[in-house]
Amino acid sequence: MQTTGMEYASEMVVQATLHKLRMIEVPTTLSPDGRSRPPHLRSWRDGWRHLKFLMMYSPNWTFLYPGIILSVIGLVMMVAIGVGPTKIGNVNFGINTMMYGSAALLVGVNISLFSMFTKAYALSSGFIPNSPKTIGILEKFTVEKGVVIGVLLTLLGIVATIIAFVIWGNNSFGNLQPESIMKITIPAATLIAIGIELIFASFFLGILEIERKK
42 MQTTGMEYAS EMVVQATLHK LRMIEVPTTL SPDGRSRPPH LRSWRDGWRH LKFLMMYSPN
102 WTFLYPGIIL SVIGLVMMVA IGVGPTKIGN VNFGINTMMY GSAALLVGVN ISLFSMFTKA
162 YALSSGFIPN SPKTIGILEK FTVEKGVVIG VLLTLLGIVA TIIAFVIWGN NSFGNLQPES
222 IMKITIPAAT LIAIGIELIF ASFFLGILEI ERKK
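Numbered continuously in my numbering, the sequence shown closes out at residue 255.
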């Protein structure tokens with residue numbers, strides 16, 4: 042048991058569920074406690090501590106699922122705008138929308154990585170019980186695989202950047218049409234950022250794995 046406040050009762054239920062313990066109800070009688078001082082419960086503070094505890098015990102709902110949703114939304118926005126003009130009714134979506142799609146993809150990948158960090162730390166610290174499924178995922182996502190994927194994404198971004206640079210050179214390094222060139226530079230910058238993030242995230246996950254395997 043880890044908590045020290047009003048959320049302690051919920052932790053007992055959560056821990057019992059995670060460890061697959063049997064729970065039963067015992068009839069009891071509630072009586073006044075006889076205290077003269079006012080209740081010490083603080084709704085907002087204790088409510089937030091309770092919600093925070095439940096979120097920490099559920100890294101999938103706190104990090105993984107929101108990260109996947111944001112990543113998919115961002116990727117769809119970027120691809121839809123990158124392959125051609127996107128219009129819904131009288132509304133046109135262009136490079137400004139693509140920039141927000143890039144931001145959503147970057148944030149989504151970052152949040153998804155946090156779910157991996159959280160699970161690795163939770164397993165090493167005993168905050169949650171060992172799960173064969175989670176251990177299997179962490180063992181498959183090795184430092185080497187993460188670095189390779191990160192390097193490939195970074196190289197793709199660099200190649201796209203070179204293409205944009207060549208187009209710029211063909212125009213005597215003058216002003217370019219933003220709508221066309223940024224459909225190359227925004228995905229390029231996004232790929233480079235995600236690739237570099239994956240490389241360093243893989244090493245950090247490897248550090249957490251060292252602690253877990255001691």
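Yeah, the Cβ is synthetic: ideal placement off N, Cα and C, and Gly gets one too.
Check, Outcome
"Closest residue to M157 among F206, E52, L246 (Cα-Cα distance)", "L246"
"Residue ranges of each alpha helix (DSSP H) within the stretch 173-231, 4 or longer", "173-181, 184-211"
"Short Cβ contact (8 Å threshold) for T226 with A205", "yes"
"Element boundaries [alpha helix (DSSP H), containing F94]", "84-97"
"For I129, the residue or residues it bridges with in DSSP", "V132"
"Closest by C-alpha distance to I237, when choosing among R86, L196, E250, M118", "L196"
"Check whether S99 and V150 have beta carbons under 8 Å apart", "no"
"Same chain, Cβ closer than 7 Å to T159, neighbours up to 5 away in sequence not counted", "P100, F104"
"Three-state secondary structure assigned by DSSP to T69", "coil"
"Nearest-angstrom Cα separation, counted from M118 out to E256", "No information on residue 256 is available, as it lies outside the stretch 42 to 255 that the chain covers here."
"Cutoff 6 Å; reference G142; Cβ partners in own chain excluding five residues on either side", "G115, M118, M119"
"N-terminal and C-terminal residue of the alpha helix (DSSP H) that G46 is part of", "Careful: G46 lies outside any alpha helix (DSSP H) and carries neither H nor E."
"Cβ-based neighbour list, E220, same chain, cut-off 8 Å, excluding 5 preceding and 5 following", "G135, I136"
"E250 vs A163 beta-carbon contact at 8 Å", "no"
"For M53 and M64, the rounded distance between their alpha carbons", "10 Å"
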